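Inspection log for the structure reproduced underneath, given as structure tokens.
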Amino acid sequence: MTAVTADSQQAYETVFDAAIAADERIEPRDWMPDAYRATLVRQIAQHAHSEIIGMQPEANWITRAPSLRRKAILMAKVQDEAGHGLYLYSAAETLGTSREELLDKLHSGRQKYSSIFNYPTLTWADVGAIGWLVDGAAITNQVPLCRCSYGPYARAMVRICKEESFHQRQGYEALLALSQGTPEQHAMAQDAVDRWWWPSLMMFGPPDDQSAHSAQSMAWKIKRHSNDELRQRFVDICVPQAESLGLTLPDPELRWNEERGHYDFGPIDWSEFQQVLKGNGPCNEQRITQRRRAHEEGAWVREAAAAYAAKHAAPRHGTEQNDTAVTGTGQPGTGGNGEATA
Amino acid sequence: MGDDALVLSQRLGEWAGHAPVLEEDVALANIALDLLGQARVLLSLVGDEDELAFLREERAFRNVQLVEQPNGDFAHTIARQLYFSTYQRLLYGRMAAAPETGSADLAALAAKAVKEVAYHQDHAEQWTLRLGDGTAESRTRMQAACDALWRFTGELFQPVEGVDVDWAELESDWLASVSAVLERAGITVPDGPRLTAWSAGAGRQGVHTEPFGRMLAEMQHLHRSHPGAAW
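Chains as they are written, first to last, in this note's numbering: chain A, 1 to 342; chain B, 1 to 231.
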């Protein structure tokens, strides 16, 4: 950005603040505070990374899915996740970064992904539990993002939330089939819910009084509700669903509070959360190693695509030669590269 | 034919989360899903899809050996896909155009699937061009992959019971189509045998290559561990 005088800086800020106050959308070419841009890049990138890393725990069961119908559902879901990653990287790119740069930050550990994907999928029921609880928590978090103040992010979330709700219902249905199946299947479902319940509650982030970015994000209308508010909403939704599944939730303190009109629930083990965030969860090392390996082992393929594009580009379109996307047909959005030069 | 689609789908499913670019994670999963859809229709014409997929042993599978070959590097996956999707496109195209070649059910499946396999072939062809005409390394890898899988391609044209097409003509069309793509990509058309005494129709008779048993063990393990369970 070129240097601006203090006066014009002030004028830009006034326009921006007014737009936020009026619930208008901020678009890529609009002026925005550097910190707003940085917060969005961080949040959208982390969201995109979560979709990409999140493919791993579920893909772990594609080759072993117990029926062809379940295998097809799971494949479609993992495919959607890659597509969500693509939408989100495109949204982040409108803020003046690039997918390559963001992937590099993921691979070098400078940007994070959701802590939930550092837990292992040990049985088939985990696939159902992820659909019901993890996607359920993601939706609770993400539906308000459809009204986020940054336009490209909000629009990406509208598309993503539709597909996520579908996955969540499928996860619930898969767990229901197990719960109503043989005693072994029922036990498998209960065990999965026991292992995924608390990590799912941690997906909403630290308690409000310890959340570093919350206040500013709410003021900017990037976030619409606090972590604890969303977590409570999620618990209130899940308890009756668990009952209709015929499964219990692993919390002896869980009970309806007539006065509050909400379920009370037990304390979350935030030390575990901190450990997972620090890289000491059960699968942190494995997840990032697999991601790096896929990237490194694919380098020669991306180089080939770039070399081919360079050879076959029309001379006056020489700047497009780093486009490695090969398959256009019927695939979700891959665009957005270099759209914004903020 | 149902086994061909099922087994190749299983192989492609192994790529999920390992592809060189995100677009390929989407594309390979997409192709795997199309093939699984075809497999489900085809197996259901014969019996219960899950029984057929999960409870038959290696010797009862009738897929060609090409589709059971391990993924290898990306070039191997693409070469396998080029060979197989070109075959599928030519076969389904004929079955869709002339319903008397098989049952009405097969014609209906072919009419729908031919659109999918046209996309699969286009995808494989585009990548063959990029790898063959990309860097020195990608050309070497693509050539090696095309050479390595060549000996499994003759089996594709062993007549399939219940499908009355001109298999010799299908084979020469296949050879012309694949050769044209390889030549455009700067890949030398392999000159080894495409059908040996060992491979002639072996897969269709339930005789497979060694990696296949391991693939099935992984695919069937959970289903077999819970006899009679519904999922």
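Every residue, glycine too, gets a C-beta built ideally from N, C-alpha and C. Keep in mind it's a predicted model, so treat the numbers as computed, not measured.
Residues of the same chain with a CB within less than 7 angstroms of the CB of Gly151 of chain A, apart from the 5 flanking positions on each side, are Arg25, Ile26 and Glu27 in chain order.
Relative to the Cα of Leu109 of chain B, the nearest Cα in the group B:Asp34, B:Asp25 and B:Glu210 belongs to B:Asp34.
The beta carbon of Trp127 of chain B sits closer than 6 angstroms to those of Ile78, all from its chain and outside the five residues before and after it, given in chain order. Under the Cβ criterion of 8 angstroms, Gln10 of chain B is counted among the residues facing chain A. Boundaries around Trp256 of chain A are those of the beta strand (DSSP E), Arg255 to Asn257, since no alpha helix (DSSP H) includes it. Note that the C-beta distance between Trp231 of chain B and Ser179 of chain A is not below 8 angstroms.
Closer than 8 angstroms to the CB of Ile130 of chain A there is not a single CB belonging to chain B. In the structure shown, the three-state DSSP call for Asp191 of chain B is coil.
Comparing alpha carbon positions, the residue from A:Ile160, A:Glu303, A:Ala129 and A:Leu249 closest to Glu58 of chain A is A:Ala129. Residue pairing from DSSP places His262 of chain A in a beta bridge opposite A:Asn257.
Under the Cβ criterion of 8 angstroms, Leu254 of chain A is not counted among the residues facing chain B. Residue pairing by DSSP places Tyr150 of chain A opposite A:Ile26 in a beta bridge. Going by C-alpha positions, Asp166 of chain B is about 16 angstroms away from Ala107 of chain B.
Taking a C-beta distance under 8 angstroms as the contact criterion, Met75 of chain A and Ala136 of chain B do not qualify as a contact pair. When the alpha-carbon of Asp135 of chain A is set against those of A:Leu201, A:Ala309 and A:Asp194, the nearest one is in A:Leu201. Around Lys223 of chain A, the same chain offers Ser217 as residues with beta carbons nearer than 6 angstroms, after the five sequence neighbours per side are excluded.
Among the CB atoms of chain A, none fall inside 8 angstroms of the CB of Gly47 of chain B. Considering only beta carbons, the part of the region 16–32 of chain B lying closer than 8 angstroms to chain A consists of Ala16, Gly17, His18, Ala19, Pro20, Val21, Leu22, Glu23, Glu24, Asp25, Val26, Ala27, Ala29, Asn30 and Ala32, in chain order. Against chain A, the beta carbon of Ser138 of chain B has neighbours under 9 angstroms at Trp300, Val301, Glu303, Ala304, Ala305, Ala307 and Tyr308, listed in chain order.
In the structure shown, the three-state DSSP call for Ser214 of chain A is helix. In the assembly as shown, Gly13 of chain B is a buried residue. Its beta-carbon has 16 or more other beta-carbons within 10 Å. Distance check between Ser9 of chain B and each of B:Arg151, B:Leu66, B:Arg56 and B:Asp48 places B:Leu66 closest, using alpha-carbon atoms only.
Residue environment analysis places Asp191 of chain B among the exposed positions, since fewer than 16 neighbouring C-beta atoms fall within 10 angstroms of its C-beta.
Straight through space, the alpha carbons of Ala189 of chain A and Ser85 of chain B are spaced by roughly 39 angstroms. What Met218 of chain A touches in chain B, judged by beta-carbon distance under 7 angstroms, is nothing: the nearest beta carbon there is about 31 angstroms away. Put simply, the region 86–94 of chain B touches the region 114–125 of chain B. At least three CB pairs are less than 8 angstroms apart. One Cα belongs to Phe166 of chain A, the other to Arg40 of chain B, and the distance between them is close to 22 angstroms. Look at the region 59–90 of chain A: the residues with a C-beta under 7 angstroms from a C-beta of chain B are Ala59, Ile62, Thr63, Arg64, Pro66, Ser67, Leu68, Arg70, Lys71, Ala72, Met75, Ala76, Val78, Gln79, Ala82, Gly83, Gly85 and Leu86.
Going by beta carbons, Ile53 of chain A and Tyr113 of chain A fall inside the 8 angstroms limit. Pairwise C-beta distances place the region 142–161 of chain B in contact with the region 194–202 of chain B, as three or more of them are shorter than 8 angstroms.
Close partners of Asp133 of chain B in chain A (Cβ separation under 9 angstroms): Ala304, Ala307, Tyr308, Lys311 and His312.
Annotated as distal: His208 of chain B and Glu51 of chain B, with beta-carbon spacing of 8 angstroms or more. By the Cβ test, the region 168–184 of chain A is not in contact with the region 89–98 of chain A, since fewer than three Cβ pairs between them sit closer than 8 angstroms. The C-alpha of Ala48 of chain A is placed about 37 angstroms away from the C-alpha of Arg184 of chain B.
Excluding the 5 residues flanking it on each side, Val15 of chain A has same chain C-beta neighbours closer than 8 angstroms at Trp31, in chain order.
Per DSSP, reduced to three states, the secondary structure at His208 of chain B is coil, with no helix or strand assignment.
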